[in-house]
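So the structure is just underneath, and the comments pick up after that.
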Amino acid sequence: MQKPGQPTPLFAVEGVSVRFGGVRALENVSLEVAPHEVLGVIGPNGAGKTTLFNVVCGFVTPADGELRLRGETIPGLRPHQLAGHGIARTLQGLGLFERMTVLDNVMVGADRLARAGFVRSLLGLGHRDDARLAGKAREVLGELGIESYATRYPGSLPYPIRKKVALARALVAEPELLLLDEPASGLSAEEMSELGEIITGLTERTAVMLVEHHMDLVMSVCHRITVLDFGRVIAAGSPDEIRNDPAVLAAYLGDEIEEAV
-13 MQKPGQPTPL FAVEGVSVRF GGVRALENVS LEVAPHEVLG VIGPNGAGKT
37 TLFNVVCGFV TPADGELRLR GETIPGLRPH QLAGHGIART LQGLGLFERM
87 TVLDNVMVGA DRLARAGFVR SLLGLGHRDD ARLAGKAREV LGELGIESYA
137 TRYPGSLPYP IRKKVALARA LVAEPELLLL DEPASGLSAE EMSELGEIIT
187 GLTERTAVML VEHHMDLVMS VCHRITVLDF GRVIAAGSPD EIRNDPAVLA
237 AYLGDEIEEA V
């Protein structure tokens, strides 16, 4: 995929195929994420977006192809290994611990920064990094404007705040690559606009791979977009190129792309 003279991408999916029984969920899918860019992955229902995200997160093992990080193949990636590779993710289900405060939820995300591990501390094994991790967690909560919720429990918070908590938990690990799965789901237009500003600001510290179906958000924050349909890449390019690609318009977007202009 990489041409001679081109810089090595931060992350690459190369020739990935996934089959569930006789169904081909992904077929020879390739994409790259450069440092400090936002790559959008879009497509209609059943296009393979979720399967691709699950491959990248280590939930699904591809039948063919490989994942590469900083030019090196990542063999047999598993979800619990993501943080160790400098990758963090948010999921549609948020996955917050309801019996832990917001601060503790975010500190769990900082586990890879601790020598002994915050999760071990929760189990009573202890370490000396608690104060440092709590400070880091509060710093990230402050950046997202939700530090005042630090002592609250997720179940008592509005959904948009919980989404920010999940984002803070991912960011506190200081990832090089942040994976966002449908981050705009359940948000109002105003909240989605704020999310767009947040994502744009994140490129100062990390690259972002965004799986999303809200085209106005995708077109406003992404540097490049990869389009899937029936498990195959049918287009890849800048938002303007995707917006005007006949294959994309014919496949599924049509007026929705035009409305996002």
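Following our numbering, the numbering of the sequence shown begins with -13 at its first residue and continues without gaps.
Don't be surprised by glycine CBs; every beta carbon is placed ideally from N, CA and C.
On a predicted model such as this, the values are computed, not experimentally measured, just so you know.
Original post:
Three-state secondary structure (DSSP) at leucine 173?
Top reply: Per DSSP, reduced to three states, the secondary structure at leucine 173 is coil, with no helix or strand assignment.
Original post:
In whole angstroms, what is the alpha-carbon distance linking alanine 233 and isoleucine 220?
Top reply: 7 Å
Original post:
Expressed to the nearest angstrom, what Euclidean distance is found between the alpha-carbon atoms of aspartate 253 and phenylalanine 45?
Top reply: Past the edges of the chain, shown from -13 to 247, lies residue 253, and the structure says nothing about it.
Original post:
What residues match up with methionine 195 in a beta bridge as DSSP calls it?
Top reply: In the DSSP output, where bridge partners are listed per residue, methionine 195 has Leu25, Leu165.
Original post:
Any idea which residues DSSP pairs glycine 7 with across the strands?
Top reply: In the DSSP output, where bridge partners are listed per residue, glycine 7 has none listed.
**OP:** Name the two residues that bound the continuous alpha helix (DSSP H) containing threonine 76.
**Re:** Threonine 76 -> not in any alpha helix (DSSP H); beta strand (DSSP E) instead, spanning 73 to 76.
Original post:
How many angstroms separate the CA atom of glutamate 237 from the CA atom of alanine 123?
Top reply: Sequence inspection shows alanine at residue 237; the glutamate mentioned does not correspond to that position. Taking the straight line joining both Cα atoms gives about 43 Å.
Original post:
Can you tell me where the beta strand (DSSP E) with glycine 51 in it begins and where it stops?
Top reply: 50 to 55
Original post:
If you drop the 5 nearest sequence neighbours on each side, which residues of the same chain put their C-beta closer than 7 Å to that of methionine 93?
Top reply: Phe104, Leu119, Ala120, Ala123
Subject >> Closest residue to glycine 57 among Arg210, Pro(-5), Arg10 (Cα-Cα distance) >> reply: Looking only at Arg210, Pro(-5), Arg10, the smallest Cα-Cα distance to glycine 57 is reached by Pro(-5).
Original post:
Of all the options Asn31, Pro65, Pro30, Gly32, which has the alpha carbon lying nearest to the alpha carbon of threonine 47?
Top reply: Pro65
Original post:
By a C-beta neighbour count over all protein chains shown, 10 Å radius and 16 as the cutoff for buried, is aspartate 231 buried or exposed?
Top reply: buried
Original post:
So, helix, strand or coil for leucine 80, using DSSP?
Top reply: The DSSP-derived three-state label of leucine 80 is coil.
Subject >> Extent of the continuous beta strand (DSSP E) to which aspartate 215 belongs >> reply: Where aspartate 215 is concerned, the enclosing beta strand (DSSP E) stretches over 210 to 215.
**OP:** Count the CB pairs spanning the segment 154 to 169 and the segment 60 to 74 that are closer than 8 Å, and state whether there are at least three.
**Re:** With the cut-off at 8 Å, the segment 154 to 169 and the segment 60 to 74 touch.
Subject >> Proximity of valine 9 and valine -1 at Cβ, strictly below 8 Å >> reply: no
Subject >> Close-in-space but distant-in-sequence residues of the same chain around alanine 154 (CB under 6 Å, 5 per side omitted) >> reply: Val92, Val126, Leu127, Leu130
Original post:
leucine 12 to phenylalanine 6, Cα distance in whole Å?
Top reply: 10 Å
Subject >> Cutoff 6 Å; reference leucine 290; Cβ partners in own chain excluding five residues on either side >> reply: Since the first and last residues shown for the chain are -13 and 247, residue 290 lies out of range.
Original post:
DSSP three-state call for isoleucine 147: helix, strand or coil?
Top reply: Of the three classes helix, strand and coil, the one that applies to isoleucine 147 here is helix, per DSSP.
Original post:
Roughly how many angstroms separate the alpha carbons of aspartate 226 and arginine 85, rounded to a whole number?
Top reply: 45 Å
Original post:
Taking Cβ to Cβ, would you say valine 194 is nearer than 8 Å to valine 24?
Top reply: yes
Original post:
Just the Cα atoms here: how many angstroms apart are glycine 1 and valine 213?
Top reply: 15 Å
**OP:** Please state whether DSSP places phenylalanine 39 in a helix, a strand or coil.
**Re:** helix
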